[in-house]
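First residue of the sequence shown? That's 22 in the working numbering, and the numbers climb one at a time after it. See below for the structure under consideration.
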Amino acid sequence: MTDTRGTSFLSDVVAIVGRSHVLTDPDAMAGHLTDWTGRWTGAADAVIRPCTTDEVAAVVAACAAHDVAICVQGGNTGLVGGSVPPIEHAGRRPLVVLSTVRMTDIDEVDTRGRCVGVQAGATIEQIDSRAAEHGLRFPVDLASRDSATAGGVVATNAGGVRMIRHGNTRRQVLGIEAVRADGQVLRRWTSLVKDNVGYDIPGLLAGSEGTLAIVTRVLFRLVAPPVSTIVTVAAVRHVEDCFALIDAMTERGLAVEAAEIMTDAGVELVHEHGVRRPVAAHAPFYTLVEVSGTGDVEAVVIDVLDEADVVDAVLEPGPARDLWAARERHTETIARSSTTPVVKLDVSVPIRALPEALVELAAIADLVDHPCRPILFGHVGDGNIHVNLLDVPEPRAEELTGRVFGIVAANGGSISAEHGIGRAKVAWTHLGRSEVDLATMRAIKAALDPAGRLNPGVLFG
Ligand SMILES: Cc1cc2nc3c(=O)[nH]c(=O)nc-3n(C[C@H](O)[C@H](O)[C@H](O)COP(=O)(O)OP(=O)(O)OC[C@H]3O[C@@H](n4cnc5c(N)ncnc54)[C@H](O)[C@@H]3O)c2cc1C
Numbered sequence: 022m023t024d025t026r027g028t029s030f031l032s033d034v035v036a037i038v039g040r041s042h043v044l045t046d047p048d049a050m051a052g053h054l055t056d057w058t059g060r061w062t063g064a065a066d067a068v069i070r071p072c073t074t075d076e077v078a079a080v081v082a083a084c085a086a087h088d089v090a091i092c093v094q095g096g097n098t099g100l101v102g103g104s105v106p107p108i109e110h111a112g113r114r115p116l117v118v119l120s121t122v123r124m125t126d127i128d129e130v131d132t133r134g135r136c137v138g139v140q141a142g143a144t145i146e147q148i149d150s151r152a153a154e155h156g157l158r159f160p161v162d163l164a165s166r167d168s169a170t171a172g173g174v175v176a177t178n179a180g181g182v183r184m185i186r187h188g189n190t191r192r193q194v195l196g197i198e199a200v201r202a203d204g205q206v207l208r209r210w211t212s213l214v215k216d217n218v219g220y221d222i223p224g225l226l227a228g229s230e231g232t233l234a235i236v237t238r239v240l241f242r243l244v245a246p247p248v249s250t251i252v253t254v255a256a257v258r259h260v261e262d263c264f265a266l267i268d269a270m271t272e273r274g275l276a277v278e279a280a281e282i283m284t285d286a287g288v289e290l291v292h293e294h295g296v297r298r299p300v301a302a303h304a305p306f307y308t309l310v311e312v313s314g315t316g317d318v319e320a321v322v323i324d325v326l327d328e329a330d331v332v333d334a335v336l337e338p339g340p341a342r343d344l345w346a347a348r349e350r351h352t353e354t355i356a357r358s359s360t361t362p363v364v365k366l367d368v369s370v371p372i373r374a375l376p377e378a379l380v381e382l383a384a385i386a387d388l389v390d391h392p393c394r395p396i397l398f399g400h401v402g403d404g405n406i407h408v409n410l411l412d413v414p415e416p417r418a419e420e421l422t423g424r425v426f427g428i429v430a431a432n433g434g435s436i437s438a439e440h441g442i443g444r445a446k447v448a449w450t451h452l453g454r455s456e457v458d459l460a461t462m463r464a465i466k467a468a469l470d471p472a473g474r475l476n477p478g479v480l481f482g
């Protein structure tokens, strides 16, 4: 890669990060060019692995000087194709993947302020373990915790299983450090809970999917873990029964830490892949509810279950990893069970519309004349359903996506609950945002990245 002035971009970045952290060998780059789903594959001229904010800034400045585009990558667990470069970029403007894999430092936990500063490449598991050493917890949790990174959860504004209790990732961000497209370092770093000087830049970068700046460090809020938790899985006939159970727990003074939904098809599939069925009885739906409280939480949960309309139920004191496995192994098992890359659509609908929307989404296979095996699960307490369509021939994926989003839009829902838009959903953003809204987002993008160098093809196409 030599530009019009004859200087080599690659030798510039080698000088910044060292030769061993500029990958150009196709085998070494391969893992960075396909996303977790296997559905999105791209091409890049190099993968660059800086380890400090200064190195990121210098790499971005070199990219600006040589007009090289950048695809930002954390743990590469994103499910909408945003973490890998576009394939069609090959032959156009040069593009590199900037991986945060080496940026894993975690500062000392501030126990009084209940916060911790981390580098963008620290994983959710690493951050939570560090918090746990001080009797605290990182409030964002998701099944990809071993690989998903601080930068990734901020950039996607991840939800996850604790969202019902603590809110999404944006709510956990107290401060941020990020490198702008021109190489300047933007730092808004304060543990103040009251600080209203102008625009909420950390809030803006949360959910920006690497299109506005590269997050290099984050100051995260931490929370106290619950004293005592009980996890229950109940087999139920109707979606409404899940909500009745959640309501009953809340009315009895328990705090709902997580509220998930699975279907019989999903629980059976995971069971076939070696996970114990949480309950022996079969029912159309299963809800996993984790609650916390003081006193005899278990006795209260047993009372609630006795009075509830459930087919069968089981409960265990938290963390009840066995019970959680039935829910958490869905994503991975589904990916392994489909004959084609899974069409994964993460949607939300208002709670009142959820029962009807679920029936319509589960019946999607009846509307098409090609293979399609739907498996639905998700964070029911947030109205968030992961629609997974297995065995779909790739040429029919787009049409099917349109049908699912049609159902979601008709029910007043969102085409992206927590995974973002990435490359997968660009064609449908008009279903969730007005023209003026989209134009405002484009104006922000143009202001911060006028040359369109950061994550081309993500969010805006
Ligand atoms: C088994 C499994 C379970 C999951 N469960 C959930 C869940 O419950 N809730 C949920 O929300 N998601 C879930 N996900 C999706 C995924 O884990 C999240 O989207 C996560 O936030 C991605 O983090 P990452 O570090 O892997 O980011 P990547 O996949 O590497 O990147 C995701 C996006 O963020 C951008 N990005 C990454 N790092 C940076 C950075 N430092 N600066 C700027 N932009 C950056 C990328 O360019 C890309 O657009 C799950 C995925 C899997 C595989």
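Note that the Cβ used here is the ideal one computed from N, Cα and C, for glycine as well.
_Cβ distance (whole Å) where Q140 is taken to contact T237 below 8 Å_ = 7 Å
_Segment limits, beta strand (DSSP E) that includes S313_ = F306 to S313
*So is the beta-carbon of E76 under 6 Å away from any non-hydrogen atom of ligand 1?*
Not under cutoff, so the answer is no.
*What number of angstroms, rounded off, separates the C-alpha of A256 from the C-alpha of P371?*
23 Å
*The beta strand (DSSP E) with C136 in it runs from where to where?*
C136 to Q140
_Let me check you understand the geometry: is the CB of V68 closer than 6 Å to at least one non-hydrogen atom of ligand 1?_
The answer is no for V68.
*Would the beta-carbon of A169 be found less than 6 Å away from any heavy atom of ligand 1?*
yes
*Identified DSSP bridge partners for Q94*: S120
*With respect to 6 Å, is the separation between the Cβ of N405 and the closest non-hydrogen atom of ligand 1 below this value?*
no
*Could you spell out where the beta strand (DSSP E) holding A234 opens and where it closes?*
Counting along the chain, the beta strand (DSSP E) containing A234 begins and ends at A234 to R242.
*DSSP puts P395 in a beta bridge; with which residues?*
L410
*Nearest-angstrom beta carbon gap, S29 and G96 [assumed within contact, 8 Å]*: Incorrect: roughly 30 Å between the Cβ atoms, too far for contact.
*If we ignore side chains and look at the alpha-carbon of each, how far apart do E337 and V312 end up?*
11 Å
_Beta-bridge pairing of M462 - partner residues as DSSP gives them_ = DSSP output for M462 lists no bridge partner at all.
_Start-end ranges of the alpha helix (DSSP H) lying completely within the region 33-88, minimum 4 residues_ = 47-54 and 74-87
_Continuous beta strand (DSSP E) stretch holding G224: start and end_ = G224 -> not in any beta strand (DSSP E); alpha helix (DSSP H) instead, spanning I222 to L226.
_What would DSSP say about G196, mapped onto helix, strand or coil?_
strand
*Which partner residues of E337 appear in the DSSP bridge assignment?*
V252
*Can R424 and D412 be called in contact, C-beta distance under 7 Å?*
no
_Please state whether the Cβ-Cβ distance between A78 and V206 is less than 7 Å._
For A78 and V206, yes; Cβs fall inside 7 Å.
*Round the Cβ separation of D262 and V335 to the nearest angstrom and send it over; I've been treating them as touching at under 8 Å.*
Incorrect: roughly 16 Å between the Cβ atoms, too far for contact.
*Could you tell me whether the region 466-476 touches the region 403-418, using the rule of 3 or more Cβ pairs below 8 Å?*
Remark: fewer than three beta-carbon pairs, one from each stretch, lie closer than 8 Å, so the region 466-476 and the region 403-418 are not flagged as touching.
*asked:* Using a 10 Å radius around the Cβ and a threshold of 16 neighbouring Cβ atoms, would you call S150 buried or exposed?
replied: exposed
*What are the start and end residues of the alpha helix (DSSP H) that includes S369?*
It is not in any alpha helix (DSSP H) - S369 instead sits in the beta strand (DSSP E) that spans V364 to S369.
*asked:* Does the distance between the C-beta of I372 and the nearest non-hydrogen atom of ligand 1 fall short of 6 Å?
replied: no
*Whole angstroms is fine: what's the gap from H87's alpha carbon to G188's?*
41 Å
_Looking at the secondary structure, which residues open and close the alpha helix (DSSP H) in which I323 lies?_
V318 to E328
*Below 6 Å CB to CB, which residues in the same chain sit around H294 once its five sequence neighbours on both sides are set aside?*
T354
*Which full runs of the alpha helix (DSSP H) of 4+ residues lie inside the region 257-285, going along the chain?*
260-272
*Closest by CA to R282, which one among H155, P305 and D387?*
Correcting the residue identity first, residue 282 is Ile in this sequence and not Arg. That would be P305, whose Cα lies nearest to the Cα of I282.
*Burial state of A460 (16 or more Cβ within 10 Å)*: Answer is exposed; the Cβ neighbour count stays below 16.
*Just tell me which of S229, H351, V291 and D203 has its CA closest to the CA of V81.*
Taking only the C-alpha atoms, the option nearest V81 is D203.
*asked:* In the DSSP assignment, the alpha helix (DSSP H) including V429 goes from what residue to what residue?
replied: A418 to A431
*Output the distance between the C-alpha atoms of G138 and T190, rounded to the nearest integer angstrom.*
14 Å
*DSSP on D131, reduced to helix/strand/coil?*
Here D131 sits in strand by DSSP.
_Q193 Cβ short of 6 Å to ligand 1 heavy atom set_ = The answer is no for Q193.
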